[in-house]
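Participant:
There are 2 protein chains.
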Amino acid sequence: MLRRPQQIPEAIRGKIAKARVARLATIDISGQPHIVPICFAYDGRVFYSAIDRKPKRVAAEKLARVRHIRRDSQVALLIDEYREDWKRLWYVLVRGRAKLFSKRTRERSRAICLLKAKYAQYAGGMLSADAPIIKITPERITVWGEAQ
Amino acid sequence: MLRRPQQIPEAIRGKIAKARVARLATIDISGQPHIVPICFAYDGRVFYSAIDRKPKRVAAEKLARVRHIRRDSQVALLIDEYREDWKRLWYVLVRGRAKLFSKRTRERSRAICLLKAKYAQYAGGMLSADAPIIKITPERITVWGEAQ
């Protein structure tokens, strides 16, 4: 079911908030799709994800997702949970715009607080004080399966 | 690490083959990214996924992933596993071309056999005899984390 963000029922907001991982799709410089798993926090309206201290092969600014978002802000975010009982499968597909915060703003501080509150790993040092933050503002949300 | 498909070590091929779910990113008709979770089989070279009997809101031919692939065959497939011990995280990102099989060919029959062998749900009736099959041929494979 295609819904506007404000129509997401409480039960689904709960599933999204509880999920520990999401998959972020971006468009690469040649117009092809790219996906990475991300940790994220959801405040009931927008999503935040950090370029954290998990090992990276390149500096934050050169990371694929960062380069892609700078060029094309349209992204898709998938939250789902696999179960062997297929009657219990569900997913939430969020399509929207991504924005990068690298300067210290009040919103960025709030995002870092939300991420640290959700992930003990971040509170334990996996998130640097100057980590770039990706904000995703949903434009369309599709809910499928048990989550409906 | 970026690898050519034939350079994927055995250990990683094992992780891919064991994974029960992958996430498939396509480009929609307006050039924006789209993702769905999919069941898949991997024969060590290519990936197969079926348009199966899990509930759909539209007929197979109108499914988003089918329409997208018909228009733009470039896809990305992500196989990963979330763990709270972030030192043990891994993912495999496959970028390549998708092709749809809807006619009864020998390759399509083989793909259906592989899917039924992997998923008891398919052997149990969740896969119709005329299910369209998506074949994904890797062009680039990126391996990150514990899977390296």
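Protein sequence lines correspond, in order, to chains A and B.
Here the first sequence stands for residues 3 to 150, where the numbers follow the working numbering.
Here the second sequence stands for residues 3 to 150, where the numbers follow the working numbering.
Built from N, CA and C at the ideal position, the CB exists for glycine as well.
Treat the numbers as computed from the prediction; the structure is a model and nothing was measured.
1) S104 (chain A) lies in the alpha helix (DSSP H); which residues open and close that run?
2) So which residues on chain B does P35 (chain A) lean against when the C-beta distance must stay under 7 Å?
3) Distance check for A66 (chain B) and Y124 (chain B), CA to CA, integer angstroms please.
4) In chain order, what residues of the same chain have a beta carbon less than 8 Å from the beta carbon of G152 (chain B), not counting five sequence neighbours either side?
5) Could you pull the DSSP bridge partners for R142 (chain B) from this structure?
6) Does the beta-carbon distance from V68 (chain A) to K137 (chain A) come in below 9 Å?
7) In three-state terms, what does DSSP make of S32 (chain B)?
8) Determine, for G127 (chain A), whether the minimum Cβ-Cβ distance to residues of chain B falls below 9 Å.
9) Is I81 (chain B) helix, strand or coil when you go by DSSP?
10) Could you check the C-alpha separation between W92 (chain B) and L80 (chain B) for me, to the nearest Å?
11) With 9 Å as the threshold, decide whether the Cβ of K56 (chain A) is near any Cβ in chain B.
12) Determine the DSSP secondary structure at L65 (chain B), reduced to helix, strand or coil.
13) Would you call C41 (chain A) buried or exposed, if buried means 16 or more other Cβ atoms sit within 10 Å of its Cβ?
14) So which of B:H36, B:K118, B:R108 has the shortest CA-CA distance to G98 (chain A)?
15) Which residue comes first and which comes last in the beta strand (DSSP E) that contains A52 (chain B)?
16) Between which two residues does the alpha helix (DSSP H) containing E20 (chain B) stretch?
17) Label V96 (chain B) either buried or exposed according to how many other C-beta atoms from any shown protein chain fall within 10 Å of its C-beta, with 16 as the threshold for buried.
Facilitator: This is what the structure holds:
1) Note, S104 (chain A): premise wrong, no alpha helix (DSSP H); not H, not E.
2) A27, T28, I29, P35, Q76, V77, A78
3) 22 Å
4) Residue 152 (chain B) falls outside the range modelled here, since chain B spans only 3 to 150, and no answer is possible.
5) B:R97
6) no
7) coil
8) no
9) strand
10) 11 Å
11) yes
12) coil
13) buried
14) B:H36
15) 49-52
16) For clarity, residue 20 (chain B) is Lys in the given sequence; the question names Glu instead. Taken as a continuous stretch (DSSP letters only), the alpha helix (DSSP H) holding K20 (chain B) covers 12-20.
17) buried
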